[in-house]
Each structure stands twice: as structure tokens, then as C-alpha cells.
Amino acid sequence: HPERNPLLKLVRLIFPVTHDYEHDRFVVRRAGQVLVTPLLLVLLVVETTDVIFALDSIPAIFAVTQNPFLVYTSNVFAILGLRSLYFVFANAMGRFSYLKLGLAVVLSFVGVKMVLADIFHIPTALSLGVIAVVLTVAIVASIMRARHLAARNVDPEAQASEISAREIMPRR
6 HPERNPLLKL
16 VRLIFPVTHD
26 YEHDRFVVRR
36 AGQVLVTPLL
46 LVLLVVETTD
56 VIFALDSIPA
66 IFAVTQNPFL
76 VYTSNVFAIL
86 GLRSLYFVFA
96 NAMGRFSYLK
106 LGLAVVLSFV
116 GVKMVLADIF
126 HIPTALSLGV
136 IAVVLTVAIV
146 ASIMRARHLA
156 ARNVDPEAQA
166 SEISAREIMP
176 RR
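Take 6 as the starting number for the sequence shown in this note's numbering and just add one per residue.
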């Protein structure tokens, strides 16, 4: 509900907003009055979301390293690359059927590492190794599955979202 967004409420209190987009303009002047276009509101919401996600990822980064320089720089790169990385992962999810499962395992590992941080220290190199191995196994397993489905003349992209629990963990 965009009408509940505090930033948008603040902008609307300060500036009048046009009802329609004005091509690629953020601000227009009509009858000597400065008006904000909906495009500026969209930009503000998207950039605010980027910053919130970057701030939200700080605890996850501290689970990997305690080095403040790495925490700050990784957040800067997260803000700069979040949108483009989203499209990379969205495309990869369709191509690699087990990538979603691999990412879930990685997020679970990071969560467990954060919970156990005061009890047991997992070295940064080991954490990065676990993440790399899990993602590599997920991608290789997805490629093998796609080849198996191709041999049976089944479209692997159509099957990517239909992985059942039996395929992931078969019964004995």
C-alpha cells in the first residue's frame, strides 16, 4: 500500500504531485509551481527499498566476518548491484531447478552460524567454502537433472518449479 509509505506521505506534504507521468521527468513546473511526478515517487520507493535491504543484510554479513571494512564495502556494493543481481538470480532460478533449494540451504547455514556465533566460531574461509560448495552442488545437480529430462524429451525450464519433495529426498 504505497499510500501508507511515510516517505511518500512526507514528499506529498512538501510538494504537490502530478497525476500523470511526464515522460522521463521527475519534476515539472506549471504556472510557476514546482510539481513532483509519480516517477520521482517510484524512484524514492525503489532507492529506499535498496537501502533497507542493505541495512537488513548487515547482521548476515557479520555472521560471515567481523571486519568492519568488509561489512561497509559489501553493503555499498549491495546497494549498487542489488537490482542487476536480482535479474541474474531470477533468470538463473528458471534455468537451475535446484538453485532455490541451494539458496535456502545457504540462508539456513548463515542463520545457524549467527545463532551459534557466541558459542562456536566458524572461520570466514569455511563459511565461504560451504556457501560455494552448496551453490556449486545445486547448479551441477540442476544441470544433471536438465540433461536427464532432455534425454526423456521433457522441457527442464517447465519442470524447474515442479520439483517435489520425493525428488529432493527420495524414500527408502
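Quick reminder that beta carbons are idealized off the backbone N, C-alpha and C, glycines included.
Keep in mind it's a predicted model, so treat the numbers as computed, not measured.
Cα-Cα separation between S169 and A95, rounded to whole angstroms: Here S169 scores only 49 on pLDDT, less than 50, and its place in the model should not be relied on; the value that follows carries that caveat. One C-alpha to the other measures close to 20 Å.
Contacting residues, own chain, Cβ-Cβ under 8 Å from P64 (five flanking each side not counted): Cβ within range, chain order: M119.
Which one or two residues does DSSP pair with E52 in a beta bridge? According to DSSP, which records beta bridges pairwise, E52 is partnered with nothing at all.
For V117, the first and last residue of its enclosing beta strand (DSSP E): Premise fails: V117 lies in the alpha helix (DSSP H), 104 to 120, not in any beta strand (DSSP E).
Could you tell me if P21 is buried or exposed, where buried requires 16 or more neighbouring beta carbons within 10 angstroms of its beta carbon? Exposed, since its Cβ has fewer than 16 Cβ neighbours within 10 Å.
Judging by CA-CA distance, which residue of P43, E27, F67, I84 is the nearest neighbour of T53? For T53, the nearest C-alpha among the options comes from I84.
For S102 and N80, which I take to be in contact (beta-carbon distance under 8 Å), what is that distance rounded to the nearest angstrom? Contact doesn't hold; Cβ gap of about 31 Å is too wide.
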